[in-house]
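In the numbering used here, the protein residues as written are 15 to 198.
All C-beta atoms, glycine included, are put in the ideal place defined by N, C-alpha and C.
Below: the structure, in C-alpha cells.
Right, dumping it as C-alpha cells:
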C-alpha cells in the first residue's frame, strides 16, 4: 500500500467527517488527489464504511463482554456455503433476540475458536444471552456452531477508571508510526 493511502486511512480513522480539502491539508497533497484515492480505496474495499464511536455508557450499556467460545467440531474452517447458512440462521436468531455486537469472529488462541464482543444494558441481559448461546440459539446453528465451552471477560462501562477506552485514533496512530518506521 502506498504511503499516501496509509496517511489518508489514518486520518479518516481519526475523523471520517473531514472534507477532502481538510484531508488534503492534513496529508500534504491536493484535494483532487484525495478524492481519487478515497474513491479507489472504497472501490477496492479497503475502506468498508464510515462511522463513529459513541459513548456506550450514555446509550445505556453498562457491560461490554468479550466472550470466548470453544466450538464442538475440530475443524472450524467453514466453506462459503456453510458461512452463509450460519449467517442466515444468525439473522433469524437476531430477529427474535436482538443484541448489540461489536464483532463475532473465528480465530484461535486460549484454546478457543471464536470471540464475540457485545454490549449489554445489565448483567441479567448478559446472563440471558449466555444461556441462549449455550442452548436455544445454538440448536438452530448446529452442526456449524456447537459451543462446548463459553467463557467471558466483562468490562464495567460505568466506571471512568479505564486505562484506554475504545477508539480508532490509537490504531491510526499505530499505522502512522509503523509506516514511519518502514521509511527509516
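Item	Value
Three or more beta-carbon pairs under 8 Å between the stretch 60 to 69 and the stretch 106 to 122, yes or no?	no
Give me the Cβ distance between residue 40 and residue 25, rounded to the nearest whole Å; I'm assuming they're in contact under 8 Å.	5 Å
Which value, in whole angstroms, describes the spacing of the CA atoms of residue 168 and residue 193?	34 Å
In the DSSP assignment, what are the bridge partners of residue 100?	DSSP lists no partner for residue 100.
For residue 38, I'd like the list of residues in its chain whose CB is within less than 8 Å of its CB, leaving aside the five on either flank, ordered along the chain.	44, 45, 47, 48
I'd like to check one pair, residue 18 with residue 58: are the Cβ atoms closer than 9 Å?	no
Under the assumption that residue 28 contacts residue 183 (Cβ atoms under 8 Å), give the Cβ distance between them as a whole number of angstroms.	5 Å
Could you tell me how far apart the beta carbons of residue 162 and residue 84 are, in whole angstroms, since I believe they sit closer than 8 Å?	5 Å
Which residues in the same chain as residue 165 place their Cβ atom closer than 6 Å to its Cβ, once the five residues preceding and following it in sequence are excluded?	82
Give me the residue from 146, 172, 145 with the minimum Cα distance to residue 136.	172
Would DSSP call residue 190 helix, strand or coil?	helix
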